[in-house]
Each structure stands twice: as structure tokens, then as C-alpha cells.
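Worksheet: one structure, shown below.
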Amino acid sequence: GEDVEQSLFLSVREGDSSVINCTYTDSSSTYLYWYKQEPGAGLQLLTYIFSNMDMKQDQRLTVLLNKKDKHLSLRIADTQTGDSAIYFCAEKLRAGTALIFGKGTTLSVSS
Amino acid sequence: GAVVSQHPSRVICKSGTSVKIECRSLDFQATTMFWYRQFPKKSLMLMATSNEGSKATYEQGVEKDKFLINHASLTLSTLTVTSAHPEDSSFYICSARLISNTEAFFGQGTRLTVV
């Protein structure tokens, strides 16, 4: 079945690294995504990774994919208060299909 | 980058009335648009997949007569909530995908409150 799981909350101090974890059950995922949602706003695509890759880095963001364990993580280096938001992990199974989302991880950054 | 615009961003309506939400891809063509509903502290629930020029495909449990979806062009899809009830109050988000592209871009969402 299709299921994407995330921890619900993460709290870090400003300047620390944040690591948000996600697990999924369907091994046929083609792409995996990370989205950011600020209060009352839509979803902003942060980054995505193709299922045959194991790492992708984009400035402060590092995505790690362990396909064997069906585990995806998002690391945010030097976390800032502006990074406080809900982060959604999502997978796409086949071309043209909708994304399947986790319930989101609320990241709280304290100064 | 690709921009998806939703309108309105907030709407309050009375029970029994209908509300139309627009989703536009501003700088690209999207053969497929997706409509999601987000409940408080919950993930996004896919409501339907909207294909340009054809009938929308609804997810199980979503009433197609209540949530009317029209995808009249490659840049516009509309969701009409008919005979709205307070339990329809929610955050509705659309998503559009570029033709032959991996990324899905989301609108800013519409907060619907039915009183």
C-alpha cells in the first residue's frame, strides 16, 4: 500500500542542523519530494530526488535517500528562525500521478 | 520558476451557497492539475485529478456532484463547492504539473469558511 510517515514535531536552536525524517512503503516510488508550508500558505517545493540517487545537496539542504530501507531525510544546515514551518515529504509513484504526502513535520526554531 | 495562482485566497460563504475556486498556471501549460484538501494538523488529501478537456477523476469518498471540477484550458482549472456546509470548511490547494516535467507546483491555497 501507499503510506508516507513522518515524525510530527522537531524543535531545534538557531544555528543548529535540523534533520527531518520520512519513511515510505512503496518501493516503486519514482521521485521523492520535500515541500515547505508556512502558516496559511500553500506548498513551496524545496527539493526533490530521483529514486536512483542517494544524495542531493542544494545550498543548506541535503537530501539523503536510502532506497533499501525506504527512508528519506532532509537536513537543513545552520537552521534559521525563518525555517520554522511544516515540512512535507511526498512520493510520486508513476508519471502523471498525484503526490502522496506524509502528515508533515512541524519544525520549530528557537533563537 | 513556474507559478500557480489560486483565487480567492480566503472566502467566507453562507451554508447552502456555492463557491468557485480558480487555479491558474501563470507561465506554463499544465495538462494535469490536482486538487487537495488539507485538514488541521493533517496531511493533504487528494480530492481529484483534473485533466484538460476531460472529466475529472475523483478519489474514493469525494462526492463529484458536490465538488465540481472543470479544466477548461491548459492554464485553468476550477473547483466549485456546491451547497456548502460548515463541514466543507477547509484549506483547498491545487497543484499543476508542467507537461513532461517531474515537479508539481502548488498554488497558495484557499481558506474556505462556511458559516
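Respectively, the protein sequence lines represent chains D and L.
This note's numbering numbers the first residue of the first sequence as 5 and each following residue consecutively.
This note's numbering numbers the first residue of the second sequence as 233 and each following residue consecutively.
We treat Cβ as the ideally placed atom computed from N, Cα and C, and that holds for glycine.
Scanning chain L for C-beta atoms nearer than 7 angstroms to the C-beta of D:Gly108 yields Ser275, reported in chain order. DSSP, read as helix, strand or coil, puts D:Asp62 in strand.
Inclusion of L:Gln270 and L:Phe323 in the CB contact set at 8 angstroms is warranted, their separation being smaller than that value.
In this structure, the beta-carbon distance from D:Ser112 to D:Ser31 does not fall below 8 angstroms.
Taken through DSSP and simplified to helix, strand or coil, L:Glu284 comes out as coil. One thing to note: L:Ala304 has its Cβ no nearer than 8 angstroms to the Cβ of L:Thr249. Chain L places a beta carbon closer than 8 angstroms to that of D:Gly44, counting this residue as a contact. Nearest CB-CB separation between D:Ala102 and chain L: below the 8 angstroms threshold.
Per DSSP, the beta bridge partners of L:Ala336 are L:Arg329. Spanning the alpha carbons of L:Val294 and D:Ala102 requires a straight line of approximately 15 angstroms.
Close CB contacts of L:Ile301 within its chain, under the 6 angstroms cut and outside five residues either way in sequence, are with Ala280, Ser282, Ala288 and Leu311 (chain order). By alpha-carbon distance to D:Lys107, the top candidate from L:Thr264, L:Lys273, L:Tyr268 and L:Val243 is L:Lys273.
Put simply, the backbone Cα of D:Tyr37 is about 11 angstroms away from that of D:Lys60.
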